[in-house]
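K.L.:
Dropping a structure here in structure tokens format, bear with me for questions.
Number of protein chains: 2
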Amino acid sequence: MSENKQDTEEQIFEAASRVFQRKGYAGARMQEIADEADINKSMLHYYYRSKDKLFQKVYQREVSRFFPVIFKVLGSERPLDEKLEHLIDTYYAFLDENPRIAQFIIHEMSQHPERFRKFIREKGIQPPERFSRQISEEIDRGRMKKVDPRQLLISIVGLILFPFVARTMVELLFDLDEEQFLDFLNERKAFLVDFILNGINYKGHE
Amino acid sequence: MSENKQDTEEQIFEAASRVFQRKGYAGARMQEIADEADINKSMLHYYYRSKDKLFQKVYQREVSRFFPVIFKVLGSERPLDEKLEHLIDTYYAFLDENPRIAQFIIHEMSQHPERFRKFIREKGIQPPERFSRQISEEIDRGRMKKVDPRQLLISIVGLILFPFVARTMVELLFDLDEEQFLDFLNERKAFLVDFILNGINYKGHE
DNA sequence: ATAAAATTCAACTGTTTGGTTGAAACAAAA
DNA sequence: TTTTGTTTCAACCAAACAGTTGAATTTTAT
Numbered sequence: 001m002s003e004n005k006q007d008t009e010e011q012i013f014e015a016a017s018r019v020f021q022r023k024g025y026a027g028a029r030m031q032e033i034a035d036e037a038d039i040n041k042s043m044l045h046y047y048y049r050s051k052d053k054l055f056q057k058v059y060q061r062e063v064s065r066f067f068p069v070i071f072k073v074l075g076s077e078r079p080l081d082e083k084l085e086h087l088i089d090t091y092y093a094f095l096d097e098n099p100r101i102a103q104f105i106i107h108e109m110s111q112h113p114e115r116f117r118k119f120i121r122e123k124g125i126q127p128p129e130r131f132s133r134q135i136s137e138e139i140d141r142g143r144m145k146k147v148d149p150r151q152l153l154i155s156i157v158g159l160i161l162f163p164f165v166a167r168t169m170v171e172l173l174f175d176l177d178e179e180q181f182l183d184f185l186n187e188r189k190a191f192l193v194d195f196i197l198n199g200i201n202y203k204g205h206e
Numbered sequence: 001m002s003e004n005k006q007d008t009e010e011q012i013f014e015a016a017s018r019v020f021q022r023k024g025y026a027g028a029r030m031q032e033i034a035d036e037a038d039i040n041k042s043m044l045h046y047y048y049r050s051k052d053k054l055f056q057k058v059y060q061r062e063v064s065r066f067f068p069v070i071f072k073v074l075g076s077e078r079p080l081d082e083k084l085e086h087l088i089d090t091y092y093a094f095l096d097e098n099p100r101i102a103q104f105i106i107h108e109m110s111q112h113p114e115r116f117r118k119f120i121r122e123k124g125i126q127p128p129e130r131f132s133r134q135i136s137e138e139i140d141r142g143r144m145k146k147v148d149p150r151q152l153l154i155s156i157v158g159l160i161l162f163p164f165v166a167r168t169m170v171e172l173l174f175d176l177d178e179e180q181f182l183d184f185l186n187e188r189k190a191f192l193v194d195f196i197l198n199g200i201n202y203k204g205h206e
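Quick note, the sequences are listed as chains D and H, same order.
For what it's worth, the UniProt record's numbering labels the leading residue of the first sequence as 1, then goes sequentially.
For what it's worth, the UniProt record's numbering labels the leading residue of the second sequence as 1, then goes sequentially.
This is the structure:
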């Protein structure tokens, strides 16, 4: 009962998380998860009753990890340029550790929009109002162009996520090996801060 | 033999294309394809010998449609601002007709990178050199900021594709129905031209 | 008219896969 | 010690699924 139980249960969960993120729900096999966890397949059903239940727990956890990372930073009190830099650093660090999470969520989200809707409602996940307010303020004070905060939010998130989501495409089109791809990502951080702040004509607050 | 043959074969192909794009390879069912094509399942194997062969033909066609749309425009002779506007118009029109193609390609590409590599080599698909040259020229003439053309290319493509790839996310986070989402996309066209040209500090050529 | 190809359909096969079972070994708590 | 929970394993079952077959019907070419 004691520690072995938690260990095994967690071991299964983490293995399932990796396999589901690699293959998606339809492509994942219970046997592959068992192999990845280095346990017998019976244990999967012993702890989680079905593939679907196991998947939902994994999915729910990943969704709850994915969005707060963005929204917490965007909802903070910092000035826009600092906030952007902080977001890019934080999100890149997170995505380096979880390189498949974005693609996983995007794919499963579009397979089962109702489930996604349910989860974000339950968890109360939503873009921070403070971000929109901040954008409006900056516009009013003449510190940046007039833009729709939603367009800006989607652009920022898209610019950050896209290389992770379309990694294979980037690697093959530019003929990059893994190391060169990581260099590309690192260079991208500075590029993005500059590109986005210029894009909205941000003037800071001297 | 004549026209019925081609009709049915094409009917199967188009149905398969839709189902594979909706569900992905692993999630697609041969029966669902047959139903969608409104023919008997036997016909699938009569024309295409296996699920895998049918999929590969669909995949190959979609890949050959997807990339040239971007690369042809980017490789044209126009000035940068016109080119960008033209790209956004062209690509949005294409994506309106094929709303799932980006996600489909991205997902299957990362499931089988070798296959993707093989296809783009055979088809000779690669980002147009003329685009890189043009960027270098514009930088040399002081018409824009110094940027890595690759970073710019990925940014442009990412900004365009992301709302399609993550459509469910956009709709649910901003609470948009289908019509409102289409409005969002339409507003995005003007936003993007402006955002990108500002992002690289483009000064035109008066 | 005749032959050849296209199409339909139901029924079938073989494989993959999710899920179950039961017995045996082990560990830990009571 | 007794009891309860954990773990392993091989074998198994039932459902889903890809793929096949063969006979009957229709369409098209010659």
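Ideal placement from N, C-alpha and C gives every residue a C-beta, glycine not left out.
The structure displayed is predicted, hence computed values, not measured ones.
1. Give every residue of the same chain whose Cβ lies closer than 7 Å to the Cβ of residue 146 (chain H), excluding the five residues on either side of it in the sequence, and list them in chain order.
2. Can you tell me whether residue 112 (chain D) is helix, strand or coil according to DSSP?
3. Taking 6 Å as the limit between beta carbons, can you name the residues of its chain near residue 21 (chain D), skipping five residues before and five after?
4. Go to residue 158 (chain H), then tell me how far its alpha helix (DSSP H) extends in each direction, as first and last residue.
5. Judging by CA-CA distance, which residue of D:69, D:79 and D:83 is the nearest neighbour of residue 93 (chain D)?
6. With a threshold of 16 other CB atoms inside 10 Å of the CB of residue 182 (chain H), please say whether the residue is buried or exposed.
7. Would you verify that the beta carbon of residue 129 (chain H) is, or is not, closer than 8 Å to some beta carbon of chain D?
8. Give a yes or no on whether the minimum CB-CB distance between residue 73 (chain H) and chain D is below 8 Å.
9. List, in chain order, every chain D residue whose beta-carbon is nearer than 7 Å to that of residue 109 (chain H).
10. Taking the C-alpha atoms as reference points, what is the distance between residue 37 (chain D) and residue 27 (chain D)?
11. Alpha carbon to alpha carbon, how far is residue 202 (chain D) from residue 143 (chain D)?
12. Identify whether residue 184 (chain D) lies in helix, strand or coil by the three-state DSSP scheme.
13. Can you check whether the CB of residue 192 (chain H) is closer than 8 Å to the CB of residue 160 (chain H)?
14. Roughly how many angstroms lie between the CA atoms of residue 16 (chain H) and residue 152 (chain D), to the nearest whole one?
15. Tell me which residues of the stretch 45-67 of chain H have at least one Cβ-Cβ distance to chain D shorter than 8 Å, keeping chain order.
16. Against chain H, which members of the stretch 19-35 of chain D pass a CB distance test of less than 9 Å?
17. Taking the alpha carbon of residue 129 (chain H) as the point to measure from, which residue in H:29, H:76 and H:8 has its own alpha carbon closest?
18. Going by C-alpha to C-alpha distance, which of H:32, H:64 and H:172 sits closest to residue 12 (chain H)?
19. Assign residue 50 (chain H) to buried or exposed, taking buried as 16 or more other Cβ atoms, counted over all protein chains shown, within 10 Å of its Cβ.
20. Tell me, please, whether the stretch 109-118 of chain D touches the stretch 166-179 of chain H by the rule of three or more beta-carbon pairs shorter than 8 Å.
21. Mind listing which residues of the stretch 179-201 of chain D have their C-beta closer than 9 Å to chain H's C-betas, in chain order?
22. Using beta carbons (cut-off 8 Å, strictly below), is residue 147 (chain H) in contact with chain D?
23. To which residues of the same chain is residue 47 (chain D) closer than 8 Å at the C-beta, ignoring the five residues directly before and after it?
24. Flag this pair as yes or no: are the beta carbons of residue 149 (chain D) and residue 135 (chain D) separated by less than 8 Å?
25. Residue 162 (chain D) and residue 158 (chain H): beta carbons closer than 8 Å?
26. Assuming residue 204 (chain D) and residue 81 (chain D) are in contact, meaning their beta carbons sit under 8 Å apart, how far apart are those beta carbons, in whole angstroms?
27. If residue 195 (chain D) and residue 155 (chain H) are in contact, beta carbons under 8 Å, what's the gap, nearest whole angstrom?
28. Can you give the beta carbon distance from residue 24 (chain H) to residue 107 (chain H), rounded, assuming they're within the 8 Å contact cut?
29. Quick check on the DSSP output: what are the complete alpha helix (DSSP H) runs of length 4 or more inside the stretch 61-97 of chain H, in order along the chain?
30. If you draw a straight line from the alpha carbon of residue 57 (chain D) to that of residue 166 (chain H), how long is it in whole angstroms?
31. Do you know offhand how far residue 59 (chain H)'s Cα is from residue 34 (chain H)'s?
32. On the CB-based measure, 16 or more other CB atoms within 10 Å of its CB, does residue 3 (chain D) come out buried or exposed?
33. Taking a cut of 8 Å between CB atoms, which residues from the stretch 132-143 of chain H lie near chain D?
P.N.:
With the given structure in hand:
1. 139
2. coil
3. By the criterion of a C-beta distance shorter than 6 Å, residue 21 (chain D) is surrounded in its chain by 100 and 104, once the five residues flanking it on both sides are discounted.
4. Here the alpha helix (DSSP H) through residue 158 (chain H) covers 149-165.
5. Residue D:69 holds the alpha-carbon nearest to the alpha-carbon of residue 93 (chain D) among D:69, D:79 and D:83.
6. Exposed, since its Cβ has fewer than 16 Cβ neighbours within 10 Å.
7. no
8. no
9. 168 and 169
10. 17 Å
11. 6 Å
12. The three-state reading of DSSP puts residue 184 (chain D) in helix, counting H, G and I together.
13. Result yes, Cβ atoms of residue 160 (chain H) and residue 192 (chain H) sit closer than 8 Å.
14. Residue 16 (chain H) and residue 152 (chain D): Cα-Cα distance of roughly 36 Å.
15. For the stretch 45-67 of chain H, the beta-carbon criterion of a distance under 8 Å to any beta-carbon of chain D is satisfied by none of its residues.
16. 22, 23, 24, 25, 26, 27 and 28
17. If we check each option's Cα against that of residue 129 (chain H), H:76 comes out closest.
18. H:32
19. Under this definition residue 50 (chain H) is an exposed residue.
20. yes
21. Within the stretch 179-201 of chain D, the qualifying residues are 184, 187, 188, 191, 192, 194, 195, 196, 197, 198, 199, 200 and 201.
22. Judged by the 8 Å Cβ criterion, residue 147 (chain H) is in contact with chain D.
23. 8, 9 and 12
24. Cβ distance < 8 Å, so residue 149 (chain D) and residue 135 (chain D) count as in contact.
25. yes
26. 6 Å
27. 6 Å
28. So it is a contact: roughly 6 Å between Cβ atoms.
29. 80-97
30. 22 Å
31. Approximately 18 Å between the Cα atoms of the pair.
32. Model confidence at residue 3 (chain D) stands at a pLDDT of 44, short of 50, so the residue's coordinates are unreliable; what they give is reported in the following sentence. So residue 3 (chain D) ends up on the exposed side.
33. none
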